[in-house]
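Residue numbers (my numbering): 27 to 478. Here is the structure we will look at, set down as structure tokens.
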């Protein structure tokens with residue numbers, strides 16, 4: 027009956043441990059998912075920064091192109107005004123040319139009439155007859171001078187009109203050349219304006235694409251942030267459930283142990299009442315050897331039934347029979363302390379602050395308590411088992427009063443490295459990670475193991 031009750035208590039505790047293990051496993055999966063989500067969120071923020079930088083660059087280029095386009099449009103307007111002015115100059119020049127040509131033609135016709143009149147009146151001797159008809163030498167000279175003046179005047183007028191016509195033609199050619207040049211410049215600026223406008227449109231389209239990508243990235247970032255919050259809430263819920271399950275399992279084990287102790291006490295009391303007491307002639311109680319033996323067996327059996335059972339983080343029963351007292355330790359061959367424990371402590375403490383990871387053995391990326399100690403001692407060529415339960419049998423047993431830096435401190439389901447002065451370094455829990463605790467006796471010490 028006692029064995030059956032003990033098995034029932036152990037089964038209850040094991041069930042609670044299994045629930046805790048499943049909860050811890052799901053909690054670890056969620057932490058991994060949360061870490062991946064955080065990476066995606068960081069990558070999204072980095073992409074948003076790149077897009078904002080690209081958008082600012084595009085906006086700067088658009089501003090420069092807009093300014094250039096404004097300059098080109100202003101130049102086109104100026105050219106249009108210059109072309110219009112040249113067209114006015116060309117029209118005026120053509121009018122001046124027409125007037126000069128008409129004046130030249132008129133003067134030429136008048137001169138021809140005078141010459142024709144002279145020839146018609148005097149034939150080939152008209153000039154001679156005019157001279158001979160002079161009354162005296164003074165009259166002759168006057169006539170000759172007058173005739174020469176007429177000739178010179180006609181020649182000057184003709185030359186003047188000819189020069190005017192040439193100048194007007196040159197001016198017209200110049201204006202037409204300038205107009206052609208302005209037209210060419212206008213066409214070039216208009217082409218530049220088209221190119222600039224196309225570049226502006228292209229960059230505005232790219233900027234709009236950046237806006238769309240930024241909006242999408244912001245939406246993704248919001249979704250990742252919400253997912254992280256959901257995962258964190260789920261982690262906290264699972265952690266609370268795990269703690270509650272651990273507490274429930276502990277209480278159930280304590281209640282079952284108390285109940286078993288009560289039943290055992292009641293049974294012993296009942297057996298004591300039914301036992302017949304015999305006395306010798308001196309009045310002393312005569313001990314019944316058979317009863318003593320039976321009682322001893324029952325007492326041993328009851329003590330086994332009422333023994334507190336402890337478990338490590340993997341649900342294994344912790345064997346506390348391997349602990350030794352100081353008297354037993356002094357009777358054994360005490361292991362000498364090599365002094366290398368200080369190096370173990372120095373090496374272990376450099377990982378303080380790194381995360382606690384259930385089932386992990388990485389000193390940098392995360393380890394649980396036994397994974398932490400196994401990896402630390404492995405750095406010094408010391409191989410110890412993986413679980414805290416197995417590590418309680420590693421090395422040599424020493425009493426806590428003789429503990430030295432580098433010794434392994436074993437608790438129920440937990441292990442740590444002794445630093446000296448009552449301090450330990452250990453992978454504590456998922457909240458605190460790898461840390462230093464100032465009180466090595468904060469829990470019941472089951473064993474101290476000398477490994478180096």
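The C-beta atom is built at its ideal place from N, Cα and C for all residues, glycine as well.
Terminal residues of the continuous beta strand (DSSP E) containing residue i?
i: residue 446; result: 440 to 446
Excluding the 5 residues preceding and the 5 following residue i in the sequence, name in chain order all residues of the same chain whose CB lies nearer than 7 Å to its CB.
i: residue 405; result: 373
i: residue 113; result: 205
i: residue 367; result: 430, 431, 432, 433 and 478
i: residue 394; result: 339, 382, 383, 384, 385, 386 and 453
i: residue 50; result: 268 and 384
i: residue 208; result: 105, 108, 109 and 112
If you measure from the CB of residue i, is any heavy atom of the ligand MN nearer than 7 Å?
i: residue 77; result: In the structure on display, the ligand MN does not appear, and there are no ligands present to speak of.
Looking at the strands, I want to know which residues DSSP matches up with residue i.
i: residue 422; result: 476
i: residue 436; result: 441 and 473
i: residue 451; result: 443 and 462
i: residue 393; result: 382 and 387
Going by DSSP in three states, residue i sits in which element: helix, strand or coil?
i: residue 387; result: strand
i: residue 366; result: coil
i: residue 15; result: In the structure as shown, the chain begins at 27 and stops at 478. Residue 15 is therefore absent and cannot be evaluated.
i: residue 275; result: helix
i: residue 457; result: coil
i: residue 63; result: helix
i: residue 430; result: coil
i: residue 71; result: helix
i: residue 467; result: coil
i: residue 307; result: Residue placement at residue 307 cannot be trusted, given a pLDDT of 45 that sits under 50; what the coordinates show is reported in the next sentence. Residue state, collapsed to three classes: coil.
i: residue 324; result: With a pLDDT of only 39 at residue 324, under 50, the local geometry of the prediction cannot be trusted, and the value read off the model is given with reservation. Residue state, collapsed to three classes: helix.
i: residue 318; result: Legend: pLDDT at residue 318 = 38, less than 50; position of this residue unreliable, no value from coordinates given.
Who are the Cβ neighbours of residue i in its own chain at under 6 Å, not counting the five residues just before and after it?
i: residue 476; result: 361, 421, 422, 424 and 433
i: residue 525; result: Lying before the first or after the last residue shown, residue 525 is absent from the chain, which here runs from 27 to 478.
i: residue 389; result: 377 and 401
i: residue 180; result: 137
i: residue 460; result: 377, 378, 380 and 453
i: residue 410; result: 400, 403, 417 and 420
At the 8 Å Cβ level, is residue i part of the contact set with chain C, yes or no?
i: residue 415; result: Looking at the structure shown, chain C is missing, and only one protein chain is on hand.
Could you pull the start and end residues of the alpha helix (DSSP H) that residue i belongs to?
i: residue 408; result: Run containing residue 408: none; DSSP gives neither H nor E here.
If I measure Cβ to Cβ from residue i and keep anything under 8 Å in the same chain, skipping five residues before and after, which residues do I get?
i: residue 98; result: 215, 218, 219 and 222
i: residue 464; result: 448 and 449
i: residue 226; result: 88, 91, 92 and 95
i: residue 198; result: 116, 119, 120 and 123
i: residue 102; result: 212, 215, 216 and 219
Given 8 Å as the limit, is there contact between the segment 86 to 105 and the segment 236 to 250, that is, 3 or more CB pairs closer than that?
no
Please confirm if the segment 436 to 454 is in contact with the segment 373 to 388, defined as three or more CB-CB distances below 8 Å between the two stretches.
Taking 8 Å as the limit for Cβ pairs, the verdict is that the segment 373 to 388 does touch the segment 436 to 454.
Can at least three beta-carbon pairs, one atom from the segment 248 to 265 and one from the segment 125 to 138, be found at a separation below 8 Å?
no
Is the segment 176 to 193 in contact with the segment 64 to 84, if contact means three or more CB pairs nearer than 8 Å?
no
Could you tell me whether the segment 132 to 140 touches the segment 195 to 214, where touching means 3 or more Cβ pairs closer than 8 Å?
When C-beta atoms of the segment 132 to 140 are compared with those of the segment 195 to 214, fewer than three pairs fall below 8 Å, so the two segments do not count as touching.
Could you say if the segment 79 to 87 and the segment 231 to 240 meet the contact criterion of at least three C-beta pairs nearer than 8 Å?
yes
Counting beta carbon pairs with one atom in the segment 63 to 71 and one in the segment 276 to 290, are three or more of them shorter than 8 Å?
no
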